[in-house]
Amino acid sequence: MKPKIYGNGLYKIFGGDATTAIDLLKAGQSKDEIYAATGQTVGVRDVSFKVAEGEIFVVMGLSGSGKSTLVRMINGLIKPSAGEILIDDVNVADCSDEQLRNVRRNKVAMVFQHFALFPHKTVAENAAFGLKIRGMKASERRERAQAALEQVGLGARGDSYPDELSGGMQQRVGLARGLASEPEILLMDEPFGALDPLIRNDMQQELLELQRTLKKTIVFITHDLNEALALGTTIAIMRDGVIAQTGTAEEIVGSPADDYVAAFTRDIDRSQVFAAASIARPATPLDLATDNAEVAMTRMEELGIDAVHVVDDGKLAGIVSYRAASAAHRDGLDLKDALTDDFPTASPESLLNDLYPLAGTEYPIALTDEKGQLTGIVHPQDVFQQLANEEEEEEEKEKA
Amino acid sequence: MISPSDFLSLPFDDWVNIFVRDWLVPNFRPVFRAMQWPVTQVLNGLSTFFNATPMLIFTAVLSLIAWRTSGRGVAIFSLIALIFIDLIGLWPETMTTLAMVITAVFFCVVIGIPFGVMAARSDIFRTILRPILDVMQTIPSFVYLVPIVMLFGVGVVPGIIATIIFALPPIIRLTDLGIRNVREDLIEAATAFGATPWQMLVEVQFPLAMRTVMAGLNQTLMLALSMVVIAAMIGAGGLGLTVFTGLGRLDVGNATAGGVGIVLLAIILDRISQSLGEARAMRGPSLLATIRSLFSLRANKPPAEVERAG
Ligand SMILES: Nc1ncnc2c1ncn2[C@@H]1O[C@H](COP(=O)(O)OP(=O)(O)OP(=O)(O)O)[C@@H](O)[C@H]1O
Ligand SMILES: [Mg+2]
Numbered sequence: 001m002k003p004k005i006y007g008n009g010l011y012k013i014f015g016g017d018a019t020t021a022i023d024l025l026k027a028g029q030s031k032d033e034i035y036a037a038t039g040q041t042v043g044v045r046d047v048s049f050k051v052a053e054g055e056i057f058v059v060m061g062l063s064g065s066g067k068s069t070l071v072r073m074i075n076g077l078i079k080p081s082a083g084e085i086l087i088d089d090v091n092v093a094d095c096s097d098e099q100l101r102n103v104r105r106n107k108v109a110m111v112f113q114h115f116a117l118f119p120h121k122t123v124a125e126n127a128a129f130g131l132k133i134r135g136m137k138a139s140e141r142r143e144r145a146q147a148a149l150e151q152v153g154l155g156a157r158g159d160s161y162p163d164e165l166s167g168g169m170q171q172r173v174g175l176a177r178g179l180a181s182e183p184e185i186l187l188m189d190e191p192f193g194a195l196d197p198l199i200r201n202d203m204q205q206e207l208l209e210l211q212r213t214l215k216k217t218i219v220f221i222t223h224d225l226n227e228a229l230a231l232g233t234t235i236a237i238m239r240d241g242v243i244a245q246t247g248t249a250e251e252i253v254g255s256p257a258d259d260y261v262a263a264f265t266r267d268i269d270r271s272q273v274f275a276a277a278s279i280a281r282p283a284t285p286l287d288l289a290t291d292n293a294e295v296a297m298t299r300m301e302e303l304g305i306d307a308v309h310v311v312d313d314g315k316l317a318g319i320v321s322y323r324a325a326s327a328a329h330r331d332g333l334d335l336k337d338a339l340t341d342d343f344p345t346a347s348p349e350s351l352l353n354d355l356y357p358l359a360g361t362e363y364p365i366a367l368t369d370e371k372g373q374l375t376g377i378v379h380p381q382d383v384f385q386q387l388a389n390e391e392e393e394e395e396e397k398e399k400a
Numbered sequence: 401m402i403s404p405s406d407f408l409s410l411p412f413d414d415w416v417n418i419f420v421r422d423w424l425v426p427n428f429r430p431v432f433r434a435m436q437w438p439v440t441q442v443l444n445g446l447s448t449f450f451n452a453t454p455m456l457i458f459t460a461v462l463s464l465i466a467w468r469t470s471g472r473g474v475a476i477f478s479l480i481a482l483i484f485i486d487l488i489g490l491w492p493e494t495m496t497t498l499a500m501v502i503t504a505v506f507f508c509v510v511i512g513i514p515f516g517v518m519a520a521r522s523d524i525f526r527t528i529l530r531p532i533l534d535v536m537q538t539i540p541s542f543v544y545l546v547p548i549v550m551l552f553g554v555g556v557v558p559g560i561i562a563t564i565i566f567a568l569p570p571i572i573r574l575t576d577l578g579i580r581n582v583r584e585d586l587i588e589a590a591t592a593f594g595a596t597p598w599q600m601l602v603e604v605q606f607p608l609a610m611r612t613v614m615a616g617l618n619q620t621l622m623l624a625l626s627m628v629v630i631a632a633m634i635g636a637g638g639l640g641l642t643v644f645t646g647l648g649r650l651d652v653g654n655a656t657a658g659g660v661g662i663v664l665l666a667i668i669l670d671r672i673s674q675s676l677g678e679a680r681a682m683r684g685p686s687l688l689a690t691i692r693s694l695f696s697l698r699a700n701k702p703p704a705e706v707e708r709a710g
């Protein structure tokens with residue numbers, strides 16, 4: 001599928017003519033060397049990325065790594081020194097003022113870290129700002145702004161001024177201002193950075209909820225990995241102006257590309273990142289229609305396990321333990337009579353965190369999709385293994 | 401003692417004479433006459449209006465305005481001051497002076513705000529404008545009365561034009577400063593939503609600069625009042641003339657009465673115009689913050705590299 005936003009070979013050099021600095025970068029010089037040689041600051045160097053329609057693309061990195069520079073290139077607040085950036089088919093790095101204005105008015109809205117609300121306008125006027133700029137009639141834009149304010153839970157505060165609201169509320173106004181113009185793309189530069197942790201958590205949940213209902217393409221900047229993992233469909237990690245790694249939360253935490261990324265992910269609660277599917281083993285179920293208790297016993301002996309799942313007409317029907325199977329075999333009973341349905345199940349998307357309570361039972365956890373089909377099984381010991389992974393790796397490193 | 405003038409003397413005065421009398425005046429007379437026209441219209445309108453308004457009504461209305469904008473104290477002060485002016489027999493002169501001052505301030509606003517906006521938008525324009533404003537403020541006002549008289553003749557309108565020139569700099573400077581001090585992140589936000597330069601000015605920059613612009617207006621008003629006596633020297637009337645003739649005849653009483661009238665008028669206008677700038681609707685940065693940033697303008701200047709397209 002065609003990406004919604006496509007950045008290709010982007011550079012940004014602050015402080016005058018960029019050609020020499022770019023040549024030096026291409027020759028392999030570092031940010032510091034270039035600063036020493038030319039006095040110029042490298043903001044972003046050779047960055048390429050794709051953002052698919054409807055995803056939350058999170059950019060994270062330490063302070064000064066170029067996140068803000070990158071996101072500001074998307075709506076042309078900063079012109080790249082080199083490279084192109086396509087929104088649908090418009091190259092915002094190289095288009096007329098008129099075209100750029102059109103993109104900003106109709107396609108891309110931005111939410112700012114320090115809110116950047118207009119202090120001389122009421123909350124409702126702030127929310128309607130983008131619409132007013134676009135030239136919409138007063139009555140219509142009042143309606144739309146009100147709807148956006150209601151979306152963020154501030155329907156009753158339209159007549160207040162921003163300085164009468166708390167930080168969390170102000171950021172909601174910022175969000176409403178972005179949503180009111182119904183953009184296809186929402187750029188958010190550390191929007192929750194100035195909020196305290198509790199409100200921050202609420203806002204993250206609300207953003208996910210909004211995302212589910214409105215299906216916007218969101219580029220989200222943060223320097224908090226937990227936030228990145230909680231929100232990101234795709235996460236790009238930046239260091240010194242380059243993207244060190246792009247991937248899903250599991251890819252970033254599970255196989256960090258280098259020490260820099262690994263250092264970020266070290267203190268992460270892995271159980272919040274990994275889904276059950278990541279540690280699932282392929283299921284080898286028996287079929288009620290064709291297999292009997294004896295087959296069950298042989299299968300378990302072959303695989304060295306004490307219980308095996310059984311499906312009926314494609315659907316998970318139950319589990320049979322070795323003891324039950326041998327009893328049934330001895331008494332000449334059907335496999336059906338040896339089944340028990342007292343076993344844990346979970347969806348493949350559920351996080352390891354949610355598997356903890358299930359991992360205490362004697363049976364493996366069955367992963368079933370929404371149609372009730374068995375997609376895999378999780379052995380309790382694998383859960384703890386995966387969570388312990390990181391520490392072991394580190395110990396090994398220390399030994400080496 | 402030897403001095404350079406023993407060897408060379410420059411006929412500077414002749415040069416100026418030739419420039420002004422033989423070139424500027426004959427060639428540009430019509431231009432200067434035309435410039436007087438709008439000033440005359442505004443002045444006549446205001447003057448007729450103020451002189452036709454009965455004293456009691458005028459006093460009541462001005463006190464009411466003072467009360468609404470600046471509170472009870474200023475309102476009571478205005479009431480007493482205006483009655484006092486009437487009692488000492490200077491009411492008509494005060495109205496004339498008020499008409500002159502307001503005319504001058506009106507043109508200062510009409511000229512000064514666009515210049516201030518342009519200066520805020522363009523560093524080049526500002527660099528050119530600055531020394532001109534410095535000169536306008538440092539030349540003693542007596543000095544340019546002469547060319548004014550040569551170009552415009554004598555009378556009330558030339559007096560007002562001298563006043564405009566003298567009182568113009570603060571409003572230009574503070575409009576420029578106010579706009580430049582609008583928070584960078586708000587400019588960025590407006591740009592991000594696709595504002596045109598004009599929308600930026602009307603929606604964001606000017607409203608937020610309003611407080612500072614009003615401070616400039618206040619200063620301009622005060623400077624205009626301070627020109628009242630000097631303008632009287634070239635034929636402007638009103639309280640300035642009372643003081644001026646009083647001085648000429650060594651009539652201390654009359655001169656003092658005129659002076660007191662000017663001071664009272666100045667206090668009333670100062671208070672009212674100051675509180676206009678403090679009004680709630682103008683939620684700009686506080687004046688204190690603005691003045692503080694005036695002294696650290698260099699440090700606050702946004703890095704030249706913050707590019708803004710559109
Ligand atoms: N206008 C500018 N002029 C000069 N250098 C700049 C400018 N803006 C950013 N830089 C430099 O570019 C680099 C990247 O800055 P950027 O603001 O993109 O970082 P960031 O990742 O957003 O950091 P933070 O988390 O602190 O917001 C930094 O070294 C910064 O000093
Ligand atoms: Mg930043």
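Chains as they are written, first to last, in the numbering used here: chain U, 1 to 400; chain A, 401 to 710.
Every residue, glycine too, gets a C-beta built ideally from N, C-alpha and C.
Cβ shell of residue i (< 8 angstroms), same chain only, five flanking positions each side left out
i, result
"residue 253 (chain U)", "229, 265, 268, 270, 273, 274"
"residue 491 (chain A)", "455, 485"
"residue 414 (chain U)", "Because residue 414 (chain U) is not part of the residues shown, which for chain U are 1 to 400, the question remains open."
"residue 82 (chain U)", "9, 10, 11, 18, 22"
"residue 443 (chain A)", "499, 500, 503, 556, 557, 560"
Residues bridged to residue i [DSSP beta-bridge criterion]
i, result
"residue 315 (chain U)", "U:312, U:373"
"residue 239 (chain U)", "U:242"
"residue 428 (chain A)", "Its beta-bridge partners do not exist; DSSP assigns none."
"residue 321 (chain U)", "U:307"
"residue 414 (chain A)", "Answer by DSSP bridge pairing: none, since residue 414 (chain A) is not bridged."
"residue 247 (chain U)", "U:235"
"residue 187 (chain U)", "U:110, U:219"
Other residues of its chain near residue i: CB distance less than 6 angstroms, five sequence neighbours each side excluded
i, result
"residue 675 (chain A)", "469, 470"
"residue 175 (chain U)", "111, 152"
"residue 124 (chain U)", "145, 158"
"residue 410 (chain A)", "none"
Nearest candidate by alpha-carbon position, reference residue i, set the options
i, options, result
"residue 545 (chain A)", "A:566, A:673, A:593, A:588", "A:566"
"residue 375 (chain U)", "U:4, U:221, U:277", "U:277"
"residue 538 (chain A)", "A:623, A:670, A:669", "A:623"
"residue 75 (chain U)", "U:60, U:61, U:64, U:96", "U:96"
"residue 57 (chain U)", "U:186, U:291, U:155", "U:186"
"residue 508 (chain A)", "A:640, A:615, A:571", "A:571"
"residue 628 (chain A)", "A:514, A:614, A:643", "A:643"
"residue 64 (chain U)", "U:50, U:49, U:79, U:44", "U:44"
"residue 46 (chain U)", "U:118, U:208, U:239", "U:239"
"residue 436 (chain A)", "A:420, A:553, A:479", "A:553"
"residue 201 (chain U)", "U:87, U:231, U:126", "U:231"
"residue 343 (chain U)", "U:330, U:60, U:3, U:320", "U:320"
"residue 104 (chain U)", "A:637, A:465, A:625, A:595", "A:595"
"residue 73 (chain U)", "A:592, A:607, A:476, A:609", "A:592"
"residue 373 (chain U)", "U:361, U:283, U:142, U:339", "U:283"
Beta-carbon contacts of residue i that lie in its chain and below 7 angstroms, excluding the five residues immediately before and after
i, result
"residue 15 (chain U)", "39, 40, 41"
"residue 179 (chain U)", "148, 151"
"residue 341 (chain U)", "318"
"residue 495 (chain A)", "450, 451"
Within chain C, the residues that residue i reaches when beta carbons sit closer than 7 angstroms
i, result
"residue 589 (chain A)", "Of the protein chains in the structure, U and A, none is chain C."
Next on the checklist: Counting only Cβ-Cβ distances shorter than 9 angstroms, please list the residues of the stretch 592-622 of chain A near chain U, keeping chain order.
Outcome noted: Going along the stretch 592-622 of chain A in chain order, one finds 592, 593, 594, 595, 596, 599, 603, 604, 607, 608, 610 with a Cβ nearer than 9 angstroms to chain U.
Next on the checklist: Counting only Cβ-Cβ distances shorter than 9 angstroms, please list the residues of the stretch 102-116 of chain U near chain A, keeping chain order.
Outcome noted: Listed in sequence order: 102, 103, 104, 105, 106, 108, 109, 110, 112, 113, 114, 115, 116.
Item to check | Proximal residues, the stretch 129-146 of chain U versus chain A, C-beta separation under 8 angstroms | outcome: Taking 8 angstroms as the Cβ-Cβ cut-off against chain A, the residues of the stretch 129-146 of chain U that qualify are 129, 130, 132, 133, 134.
Next on the checklist: Which residues of the stretch 574-585 of chain A have a Cβ closer than 9 angstroms to any Cβ of chain U? Give them in chain order.
Outcome noted: For the stretch 574-585 of chain A, the set of positions with a beta-carbon nearer than 9 angstroms to some beta-carbon of chain U reads 583, 585 in chain order.
Next on the checklist: Give the list of continuous beta strand (DSSP E) stretches no shorter than 3 residues that lie fully inside the stretch 493-576 of chain A.
Outcome noted: For the stretch 493-576 of chain A, not a single whole beta strand (DSSP E) run of length 3 or above is found.
Next on the checklist: What are the residues in the stretch 52-80 of chain U lying within 7 angstroms of chain A by C-beta distance?
Outcome noted: So the list reads 75, 76, 77, 78, 79, given in the order they occur along the chain.
Item to check | Whole beta strand (DSSP E) elements within the stretch 100-165 of chain U, 3-residue minimum | outcome: Look at the stretch 100-165 of chain U and you find these whole runs of beta strand (DSSP E), each 3 residues long or longer: 108-111.
Checklist entry - Between the stretch 296-320 of chain U and chain A, which residues of the former have a C-beta closer than 8 angstroms to a C-beta of the latter? => result Of all residues in the stretch 296-320 of chain U, none has a Cβ within less than 8 angstroms of some Cβ in chain A.
Checklist entry - What are the start and end residues of each continuous beta strand (DSSP E) run of 3 or more residues lying completely inside the stretch 340-369 of chain U, in chain order? => result Correct list: 365-368.
Item to check | Uninterrupted beta strand (DSSP E) stretches inside the stretch 613-666 of chain A (no shorter than 3 residues) | outcome: Uninterrupted beta strand (DSSP E) stretches at least 3 residues long and entirely within the stretch 613-666 of chain A do not occur.
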